[in-house]
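Okay, structure first, notes after.
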Amino acid sequence: MAQKMTGADMVIQALKDQGVDTVFGYPGGAVLPIYDAIFNQNGIRHVLARHEQGAVHAAEGYARSTGKPGVCLVTSGPGATNAVTGLTDALMDSIPIVVLTGQVPTFMIGSDAFQEADTVGITRPCTKHNWLVKETSKLASTVHEAFHVATTGRPGPVLVDIPKDVQFATDDYTPPAKADLGHYQPQVKGDLETITELVEAIEQAERPIFYTGGGVINSGPAASQLLRELVGATGFPITSTLMGLGCYPASGESWIGMLGMHGLYEANMAMHGCDLMINIGARFDDRITGVLNAFSPDSRKAHIDIDPSSINKVIRVEMPIVGDVAHVLEDLLNVWKARGRKTNSAAVKKWWGQIDEWRKVECLKFEQKGKVIKPQHALARLEALTKKHDRYITTEVGQHQMWAAQYLGFEDPNRWMTSGGLGTMGYGFPASIGVQLAHPDALVINVAGEASWLMNMQELGTAMQYRLPVKQFILNNERLGMVRQWQELLHGERYSESWSESLPDFVKLAEAFGAKGILCSDPDTLDDAIMEMITYDGPVLFDCLVEKHENCFPMIPSGKAHNEMLLGEADTQGVIDAKGSVLV
Amino acid sequence: MSPLKIKKGATSHSAYNLRPNFSDVQESHTLAIIVDNEAGVLARVIGLFAGRGYNIESLTVAEIDHSGNLSRITVVTTGTPQVINQIKAQLGRIVPVHQVNDLTVEGQSVERELALFKVEGTGDKRVEALRLADIFRANVVDSTLESFVFELTGPSEKIDAFADLMRPLGLSELARTGVAALSRGT
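As they're listed, the protein sequences go chains D and P. Each number in the working numbering corresponds to the 1-based position in the first sequence with 6 added. Each number in the working numbering corresponds to the 1-based position in the second sequence with 6 added.
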């Protein structure tokens, strides 16, 4: 006998049946019945954000750090439009989130009602899929399908738009087992023939490289384990994109660092010079490849990806394997072992010799001298003082993000939450809140720039309300650092609007919310200040005043190839004054 | 390491001039897409083409299976082989899309379009229009003393050819359905 309940109760019941424990949201007129249902239960904790964008990023942080889908509940109209940035962010980085929006009653849709927006229309291009539910009888089934779509295949954000009359009406509840999940069933097993072809290539490769990405992390812990086994057994060098940091440990023997525009010299040179590139769950993003016609010219390429549209989108590969990373790696390992675990170890040893030569460039070297803190130094100290903790790092977007990726080491997946594809300033702070809610006892640090941090600073209220001891480590250069860097290198040093005047006193700002503020501008007191931040039981705003004109290196300038990196200021000196062709 | 050559004071830069050097031969392909017949599904398909900058030459859509709730969308599109493959892969990602068939590469296919032509005129022109319609096996579906409406079915090229002939003879309105297509054989 099916259980009768209101649409609002169905939503709560469906969330419970999907194993949801936390919902991030913000109430409003069109979701009041669901908030009423939340009020009358204890199974699901609702976390009140201070802005819908913050709620979605918090859900993303929750999802990225747990591997479970994040859930958001917002109202119609502005509630939904404010969620758009978070949805797009989650779409670009393949993060599973389920956003439930209220909608004006079905009989008012299309009448330009108060707080009406065409939510499914607006969010169609920024969700993996979305639904407008017009009948209460279909509501529970649709919510179950939404979780199915968000979490299977290439994960992504989904949205369910629920008109207010659908929330009020009563009908039969559909449990997950009886829900119609549609025909969406992505392929997870890779083609064995191509996998065998890849194994043959692995056996013969002289200069191989594993190029890994966020897909390894999205595939789950088993994928990271299998990857570690494969890398350990073959002894091939491994690099990762920004999104994939942690799938292989930074302390691991074969780790050669992050690649890409601000990746390590040795990683990019190895990508350029390899003869076999094994892309596992990455997507040849333009921040990774640099100019395409000079991208790794002499390599055969394999690409393991669950999304067929990622294959041959920008880089042509000889060995495309559509499937889930964990499934494919398992098959790959089995085939490789069955054929005798062969590699061309003499050649690979020589390849490592070449990589060690590149490492001698010490592309991340910096010198902390004088009384001004270098941002690299601040992060190196943060790393030294926190790496033994149960630590999760989120970031905003800009120079600090790249420095964090360069100077912090990640030993495990799901420990690093950053906005990669969309590059959303304002992501890190709310994301840190979502992470801390999922991991109450962990040390959660948001590495931020002052400009990014201000974009969602209202969430300090959320951190205070739920006593979330998130640490906001702000590298304050009073500049939009990455914009400033590009203006210096590419726009003739015309620093148009990249300087923030009238920045707040961050210590007072923290105190205004009841949080702790720490100001540090002296390299000599930096360690003590960081320790004070770590040991304080509550949210901390750490205002770290750093060198204002530091540039982030190494850097592949736009339109250049992996072997054309700029390593430091010295490389740019002649560049800026050079008369020559204009960079494309 | 080669120097980065940037002219001081330069203004035009783009980080995105990264087109691949794939084949740049433009090809026309007819795609048959089977989708759930649900609200917004056509918007998803069209939005994909608009959002990613793909071309639509012709588009037809109608329900084909009422009990199964399925519609068939036929799209004629042009692009380089790499773009065509991307279009198919991107269409396949849309959740309510069941199946994408490229009729241009998957064996032979039949493509037909229906068009209605209103031709206005008197005297010799009127006689000539009727004579040509007969040659093209177009049906007269409406007639006044000064006009005909012809109905013509066939491949797009035949419709084009008939339209070209009717233009000097007084073609005043033209309605085309766009291409419907099926693969030949079983």
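Just so you know, even glycine gets a beta-carbon here, dropped at the ideal spot from N, CA and C. The model shown is predicted, which means the values in this text are computed figures rather than measured ones.
* Return the bridge partner residues of D/Leu-198 from the DSSP annotation. => Note: D/Leu-198 sits in no beta bridge, so no partner.
* Does the distance from the C-beta atom of D/Leu-6 to that of D/Ile-480 stay below 8 angstroms? -> Nothing about residue 6 of chain D can be read from this structure; chain D reaches only from 7 to 590.
* Asked: By a C-beta neighbour count over all protein chains shown, 10 Å radius and 16 as the cutoff for buried, is P/His-72 buried or exposed?
  -> Within 10 angstroms of the beta-carbon of P/His-72 lie fewer than 16 other beta-carbons, which makes it exposed.
* Asked: Which residues mark the beginning and the end of the beta strand (DSSP E) in which P/Thr-84 is found?
  -> Annotation: the continuous beta strand (DSSP E) that includes P/Thr-84 extends over 76 to 85.
* Asked: Does P/Asn-27 get closer than 8 angstroms to chain D when you measure Cβ to Cβ?
  -> At P/Asn-27 the pLDDT is 44, less than 50, meaning the model places this residue with poor confidence and gives no usable figure here.
* Answer yes or no: does any C-beta atom of chain P fall closer than 8 angstroms to that of D/Pro-131? => Chain P, which has a Cβ nearer than 8 angstroms to the Cβ of D/Pro-131, makes this yes.
* **Identified DSSP bridge partners for D/Leu-79** => According to the DSSP secondary-structure assignment, D/Leu-79 is paired through a beta bridge with D/Gly-31 and D/Leu-106.
* Using three-state DSSP, classify P/Asn-27 as helix, strand or coil. => Caution applies to P/Asn-27, whose pLDDT of 44 falls short of 50 and renders its modelled position unreliable; the value that the coordinates give is listed next. In the three-state scheme derived from DSSP, where H, G and I count as helix and E and B as strand, P/Asn-27 is classed as coil.
* With 8 angstroms set as the bound, which would you pick, yes or no: does the beta-carbon of D/Tyr-271 sit closer than that to a beta-carbon of chain P? -> Not an interface residue.
* **First and last residue of the uninterrupted alpha helix (DSSP H) at D/Met-16** => First-last of the alpha helix (DSSP H) with D/Met-16: 13 to 23.
* Asked: Under the DSSP definition of a beta bridge, which residues are partnered with D/Trp-135?
  -> The question names Trp, but residue 135 of chain D in the sequence shown is His. BP columns for D/His-135 point to D/Val-164.
* **Limits of the beta strand (DSSP E) - the one that D/Pro-326 falls within** => For D/Pro-326, the enclosing beta strand (DSSP E) has its first and last residue at 325 to 328.
* Asked: According to the Cβ coordinates, are D/Val-126 and P/Gly-46 closer than 8 angstroms?
  -> Going by C-beta atoms, D/Val-126 is nearer than 8 angstroms to P/Gly-46.
* If we call anything under 8 angstroms between Cβ atoms a contact, is P/Thr-84 one with P/Glu-33? -> Contact flag set, yes.
* Please say whether P/Val-41 and P/Ile-93 have beta carbons closer to each other than 8 angstroms? => No; because the gap between Cβ atoms is not below 8 angstroms, this pair is not in contact.
* Can you grab the Cα-Cα spacing for the pair P/Asn-27 / P/Pro-87, in whole Å? => Model confidence at P/Asn-27 stands at a pLDDT of 44, short of 50, so the residue's coordinates are unreliable; what they give is reported in the following sentence. P/Asn-27 and P/Pro-87 have their C-alpha atoms roughly 12 angstroms apart.
* **chain P residues whose Cβ lies nearer than 7 angstroms to that of D/Ser-302** => Residues of chain P whose Cβ lies closer than 7 angstroms to the Cβ of D/Ser-302 do not exist, since the nearest Cβ in that chain is about 13 angstroms away.
* To do: Starting from the beta carbon of D/Pro-161, find every residue of chain C whose beta carbon is closer than 8 angstroms, and list them in chain order.
  => This model lacks chain C altogether; the protein chains it does include are D and P.
* Asked: Applying a beta-carbon distance threshold of less than 7 angstroms, which residues of chain D neighbour P/Val-147?
  -> Chain order gives no chain D residues near P/Val-147, where near means a beta carbon separation below 7 angstroms; the closest approach is about 36 angstroms.
* Just checking, does the region 198 to 211 of chain D make contact with the region 147 to 163 of chain D on the three C-beta pairs under 8 angstroms criterion? -> In this structure the region 198 to 211 of chain D does not lie against the region 147 to 163 of chain D, because fewer than three pairs of beta carbons, one per stretch, are closer than 8 angstroms.
* Taking the C-alpha atoms as reference points, what is the distance between D/Asp-304 and D/His-278? -> Just so you know, the alpha carbons of D/Asp-304 and D/His-278 end up roughly 8 angstroms apart.
* Below 8 angstroms CB to CB, which residues in the same chain sit around P/Ala-16 once its five sequence neighbours on both sides are set aside? => Residue confidence is low: P/Ala-16 scores 39 on pLDDT, short of 50, so the model does not pin down where it sits. Its coordinate-derived value is still stated next. Closer than 8 angstroms at the Cβ level, and outside the excluded window around P/Ala-16, lies no residue.
* Cβ pair D/Phe-216, D/Ile-286 closer than 8 angstroms -> Cβ distance < 8 angstroms, so D/Phe-216 and D/Ile-286 count as in contact.
* Listed by chain order, chain D residues near P/Gly-53 by CB distance under 7 angstroms -> In chain order: Arg-130 and Pro-131.
* **Start-end ranges of the alpha helix (DSSP H) lying completely within the region 512 to 556 of chain D, minimum 4 residues** => Counting only runs of 4 or more, we get 512 to 519 and 532 to 541.
* Given a threshold of 16 other Cβ atoms within 10 Å of its Cβ, counted over all protein chains shown, does D/Glu-363 qualify as buried or as exposed? -> Around the beta carbon of D/Glu-363, a 10 Å sphere encloses fewer than 16 other beta carbons of the protein chains shown; the residue is thus reported as exposed.
* Consult DSSP for D/Thr-87 and reduce its assignment to one of helix, strand or coil. => Looking at D/Thr-87 - three-state DSSP - the assignment turns out to be helix.
* Asked: So D/His-568 is in the alpha helix (DSSP H); what residue range does that whole segment cover?
  -> Counted as a single uninterrupted DSSP element, the stretch harbouring D/His-568 is not any alpha helix (DSSP H), since DSSP gives it neither H nor E.
* Anything in chain P within Cβ reach of D/Ser-315, meaning under 8 angstroms, just list it in chain order. => Gln-92, Ala-95, Gln-96, Gly-98 and Arg-99, listed in chain order.
* **D/Gly-25 and D/Glu-66 closer than 8 angstroms at C-beta** => Contact flag unset, no.
* To do: Along the alpha helix (DSSP H) that carries D/Gln-360, what are the first and last residues, could you check?
  => D/Gln-360 -> alpha helix (DSSP H) spans 351 to 365.
* Any residues in the region 173 to 195 of chain D with a beta carbon nearer than 8 angstroms to a beta carbon of chain P? Which ones, in chain order? -> Residues passing the 8 angstroms Cβ filter: Gly-188, His-189 and Tyr-190.
* Spatially closest choice to D/Ile-562 from D/Leu-509, D/His-268, D/Gly-346 and D/Asp-281, by CA coordinates -> The option with the nearest alpha carbon to D/Ile-562 is D/His-268.
* Asked: Just curious, the alpha helix (DSSP H) that P/Ala-56 is in, first and last residue?
  -> Start and end: 47 to 57.
* Asked: Is it right to say D/His-555 is buried, meaning 16 or more other beta carbons lie within 10 angstroms of its own, or is it exposed?
  -> Taking all protein chains in view, the Cβ of D/His-555 is surrounded by fewer than 16 other Cβ atoms within 10 Å, so the residue is classified as exposed.
* So D/Gly-487 and D/Gln-405 are in contact, right, with Cβ under 8 angstroms, and what is the actual spacing, rounded? -> Their Cβ separation, rounded to whole angstroms, is 4 angstroms, which keeps D/Gly-487 and D/Gln-405 in contact under 8 angstroms.
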